Every structure is written in structure tokens, then in C-alpha cells.
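**Student:**
Protein chains in written order, with the numbering used here: chain U, 1 to 149; chain D, 1001 to 1138.
1. Compare the Cα-Cα distances from residue 1071 (chain D) to each of U:57, U:72, U:123 and U:6 and report the closest residue.
2. May I have the straight-line CA-CA distance separating residue 44 (chain U) from residue 94 (chain U), to the nearest angstrom?
3. Find the nearest neighbour of residue 1087 (chain D) within the set U:105, U:48, U:1 and U:81, judged by alpha-carbon distance.
4. For residue 66 (chain U) and residue 1008 (chain D), what's the separation of their Cα atoms in angstroms?
5. I'd like the span of the alpha helix (DSSP H) that includes residue 1046 (chain D), first residue to last.
6. Between the stretch 1047 to 1068 of chain D and chain U, which residues of the former have CB atoms less than 9 angstroms from a CB of the latter, in chain order?
7. Distance check for residue 119 (chain U) and residue 1095 (chain D), CA to CA, integer angstroms please.
8. Here's a check: name, in chain order, each residue in its chain whose Cβ is nearer than 7 angstroms to the Cβ of residue 100 (chain U), leaving out the five neighbours to either side.
9. Report the rounded CA-to-CA distance for residue 84 (chain U) versus residue 1026 (chain D), giving the unit in angstroms.
10. What residues of chain D sit near residue 28 (chain U), judged by a beta carbon separation below 8 angstroms?
11. Less than 8 angstroms between CB atoms is the rule here; does residue 1002 (chain D) satisfy it with respect to chain U?
12. Can you check whether the CB of residue 92 (chain U) is closer than 8 angstroms to the CB of residue 1119 (chain D)?
13. Determine, for residue 4 (chain U), whether the minimum Cβ-Cβ distance to residues of chain D falls below 8 angstroms.
14. Can you check which of these residues, D:1045, D:1039, D:1089 and D:1134, is closest to residue 132 (chain U) by C-alpha distance?
15. Should residue 1 (chain U) go down as buried or exposed, given a rule of 16 or more other Cβ atoms within 10 Å for buried?
16. Quick one: grab the DSSP three-state call for residue 143 (chain U).
17. Taking the alpha helix (DSSP H) that residue 1003 (chain D) falls in, what are its first and last residues?
18. Quick check for students: name the residue ranges of the alpha helix (DSSP H) that lie wholly in the stretch 106 to 131 of chain U, counting only runs of 4 or more.
19. List, in chain order, every chain D residue whose beta-carbon is nearer than 8 angstroms to that of residue 23 (chain U).
20. Given that residue 143 (chain U) touches chain D, what residues does it touch there, using C-beta distances under 8 angstroms?
21. When the Cα atoms are used, what is the spatial distance from residue 1053 (chain D) to residue 19 (chain U)?
22. State the beta-bridge partners of residue 102 (chain U) as determined by DSSP.
23. I want to see whether chain D comes within less than 8 angstroms of residue 111 (chain U), judged by CB atoms only; does it?
24. So what does residue 6 (chain U) bridge to, in DSSP terms?
25. Residue 1076 (chain D) versus chain U: which residues are under 7 angstroms apart at the beta carbon?
26. Kindly list, in the order they appear in chain U, the residues whose Cβ is closer than 9 angstroms to that of residue 1131 (chain D).
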């Protein structure tokens, strides 16, 4: 399906992926009684933050992420996407790590789990990281900084 | 013990498949979405919309439940205070997200797609998290 005006968009795959992400978060909420927030669970798995979540469970969730991605990429056979160079990725990762700890969450915890619950904190957090995400890409484009191959 | 690990494993696996299917593990797709003032790609709005819709239904179900299916009780955040830390941290996160087109979930999922890139991203992210912990002296 092609979205009028956006020939490069993949709305159906996007919606399908979103529904799966929502289901995954629902399994965590209704099954384990917890928020499927990746940054928080990662911090728990690596012993950076304490939480009531069993550490082995945090690891199980983290290991599931590439497992699920592997299943989809094997089934779809799509070409591997391009990633930024190592220095760019390291800088971005460092900022993401600091930001998600200070902001208590990322796209999953705030953007999916919190927004759907109409959490005030998550609404503010999501609006904020979307705004700075937009601004960052706009600024980089304006300066002619290209990071992807 | 098994249920403590199987539910998160199932959740993580479904999550990772959704990330890959939706295009979240493709930095060009993510940065295309964040390129609101340029050649905007709305795909991620569909990802976000689908995920939030399903999760909103899950929250409705959750309100009717005394306890989760495989645990003794719910462990959910209950804060509602908007702090400079929340806003500043989220602002930083968005900048990092925009630079490389990766957020934490896809960073881990990318181990299945581009392991070297994923390893650098995750190592740097954990270093950033550790930095916050060290500075705050927790």
C-alpha cells in the first residue's frame, strides 16, 4: 500500500509493527505486571539501576529483542539497512544513555506504555524527545551533516 | 522461576519483531520520520499509533484485574511530577535519537542486523547510564 504524497512510507508494515509492539507491552503488563520500558529494563539487566524486576527476567526481555528482529529479517529477506559510522553511533549512544536515565524512559516506556495510559510525565517526555529529535535532524540537515551511508 | 523469565522473553521477542517489521531498526526510516521539515516519512507515526492503540486496550483490561496473570502484583510507576530532570533528560534523549536514528529497543534488536553497530551503540548507551549514576553518587 502506498500512502498518497509519501511514496517511501510503509504504513501497513508500520501499523503491523506497532500492533506487535503494543502486544509485547501488553504481555509484559498483563502477564508480569510491569512496564516494557527498554531503557529501564536494560539498566536493570546490566546492574546500573535497581528495580523490583528479577535480573534474569530483564535479561530475558533484552535477549528477546534481537531474537524477534532476527525472525522478521529472516522471514522478510529484506536488505540490511545502513547504520551510521562508529563514532557517530558512540556519541549518539552516550547521549541516549544519559538522557534516558535522567528522563526515566525512552520511546517504549514513555512513548508507548506511558502515553497509552495518559501519564502526564510520559506525555511531557514524549513531546520533548520528539521535539528535540525533529530539531536535531533539521539542524544536521541544515548544516549538511550526513551520517547514514 | 520459569514464569519470571518466560513472560519477559515472550514480550521481548514480540517487541523485537515489531521493531523490525515497523522499520524502527532502520536508522534511515527513523531519521526520515524525524525529518519533519524535510522529506518526511510518516511510517513511524503508524508504528506509534498501532502500539499506543493496543496498549490503551491493555490498560483498560489491567484496570479490571486484581493481579497480573503470572505475577503476584502490579509494579507500575505512579509519579506525576514534571521535573527539570524529566524534561532535560528527555530533551537529551531526543538529540541522541536524532543523531543516529537509534533508540534503546532498536539498539538491542540491531544485534540481529548489524552486530558491530549495535554493540557500539549499546556500550555507549550503558556508559551514559553509568555516568548518570556515578555523577549522582547513587
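C-beta atoms are modelled at their ideal positions from N, C-alpha and C, and glycine is treated no differently. Note that the structure is predicted; figures quoted are calculated from it, not measured.
**Tutor:** Let's see:
1. U:57
2. 17 angstroms
3. U:105
4. 13 angstroms
5. 1043 to 1064
6. 1047, 1048, 1049, 1050, 1051, 1052, 1053, 1054, 1055, 1056, 1057, 1058, 1059, 1061, 1062, 1065, 1067 and 1068
7. 22 angstroms
8. 39 and 106
9. 11 angstroms
10. 1007, 1008 and 1011
11. no
12. no
13. no
14. D:1089
15. exposed
16. coil
17. 1002 to 1022
18. none
19. 1014, 1018 and 1054
20. Those do not exist, as residue 143 (chain U) stays about 12 angstroms from chain D at its closest Cβ, beyond 8 angstroms.
21. 8 angstroms
22. Looking at the DSSP assignment, residue 102 (chain U) forms no beta bridge with any residue, so it has no partner.
23. yes
24. U:3
25. 35
26. 94, 97, 98 and 101
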